[in-house]
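Chemist:
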Amino acid sequence: MSIQKIARLAGVSVATVSRVLNNSDTVKAKNRERVLQAIKESNYQPNLLARQLRTARSNMILVMVSNIANPFCAEVVKGIEEEAEKNGYRILLCNSGSDLARSTSGLQLLSGKMVDGIITMNALSSLPELTTMIGDAPWVQCAEYADTGSISCVGINDVEAAQGAVSRLADSGRRRIALINHDLSYRYAVCASAAIKACCTCAVWRISR
9 MSIQKIARLA GVSVATVSRV LNNSDTVKAK NRERVLQAIK ESNYQPNLLA
59 RQLRTARSNM ILVMVSNIAN PFCAEVVKGI EEEAEKNGYR ILLCNSGSDL
109 ARSTSGLQLL SGKMVDGIIT MNALSSLPEL TTMIGDAPWV QCAEYADTGS
159 ISCVGINDVE AAQGAVSRLA DSGRRRIALI NHDLSYRYAV CASAAIKACC
209 TCAVWRISR
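Quick note, in this note's numbering, the sequence shown goes up one by one and the last residue is 217.
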């Protein structure tokens, strides 16, 4: 099934079908519905490689995580994928293990134009190397917040989060608290340790992975 046949089946122009396939917002709702129905009835599968060559876009996002077995990472990746699909994108997952060689291998997809951008969940300590390798490509660092203005970041205030957790426990009468922490190559681990030390007057045991 070709795009021309989809156009004939839907009773619209080839250009309209093309705009629908490219998620353009200039198509009338009625025509969009007719095209989508024709695609569904004919089981049409667009040629993604041809589209990429034509538009110089892959509609793919590389998501690089340090450890996909970490439940936190898995949950964040799930959310990334859901939002990407809503906006017409798919994700490619790279489980880097915070290893520079594996990160470099994954980033070849970016330099080879196989993906349109990258989301990383790497340790803050690895960001200088990533900055050099990624260059000016679209990039968002997730979870590990970087204070430098040169990197777009999505994260939380780790200091306030740690202090809030201790305050909640202390307010409920707990006086012996254990901090199960990650290794200190991660910013949130450093922040959690420092914040708890600063605000907590009760006994704290620190357990690092």
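Glycine included, C-beta positions come from ideal geometry on N, C-alpha and C.
Could you check the C-alpha separation between Leu17 and Leu70 for me, to the nearest Å?
Modeler: Residue 17 sits at position 9 when you count from the first residue of the sequence shown. Residue 70 sits at position 62 when you count from the first residue of the sequence shown. In a straight line, the C-alpha of Leu17 is about 36 angstroms away from that of Leu70.
Chemist: Ends of the alpha helix (DSSP H) at Ser119?
Modeler: In the sequence shown, the residue the question calls residue 119 occupies position 111. Leu108 to Ser119 is the extent of the alpha helix (DSSP H) around Ser119.
Chemist: To the nearest angstrom, how far is the alpha carbon of Gly163 from that of Gly87?
Modeler: Residue numbering aside, residue 163 sits at position 155 when the sequence shown is read from its first letter. Residue numbering aside, residue 87 sits at position 79 when the sequence shown is read from its first letter. Rounded to the nearest angstrom, the two C-alpha atoms are 14 angstroms apart.
Chemist: Can you give the Cα-Cα distance for Leu100 and Met68, rounded to whole angstroms?
Modeler: Counting from 1 along the sequence shown, the entry for residue 100 is found at position 92. Counting from 1 along the sequence shown, the entry for residue 68 is found at position 60. If you take the alpha carbons of Leu100 and Met68, they lie about 7 angstroms apart.
Chemist: So what's Gln45 in DSSP terms, helix, strand or just coil?
Modeler: In the sequence shown, counting from the first residue as 1, residue 45 sits at position 37. Reduced to three states, the DSSP call for Gln45 is helix.
Chemist: For the putative contact between Leu118 and Ile126, defined by C-beta atoms under 8 angstroms, what is the C-beta separation to the nearest angstrom?
Modeler: Here residue 118 corresponds to residue number 110 of the sequence shown, with the count starting at 1. Here residue 126 corresponds to residue number 118 of the sequence shown, with the count starting at 1. That belief holds up - the Cβ atoms of Leu118 and Ile126 are roughly 6 angstroms apart, short of 8 angstroms.
Chemist: Starting from the C-beta of Val28, find all residues in its chain whose C-beta is less than 6 angstroms away, skip the five residues before and the five after it, and write them out in chain order.
Modeler: Looking up residue 28 in the sequence shown gives position 20. Taken in chain order, the residues that qualify are Val35, Arg40 and Val43.
Chemist: Do you know how far the Cα of Gly143 is from the Cα of Ala200?
Modeler: In the sequence shown, the residue the question calls residue 200 occupies position 192. In the sequence shown, the residue the question calls residue 143 occupies position 135. Those two C-alpha atoms are separated by around 30 angstroms.
Chemist: Just list the residues that DSSP pairs Cys150 with in beta bridges.
Modeler: Residue 150 sits at position 142 when you count from the first residue of the sequence shown. Cys150 is bridged to Val162.
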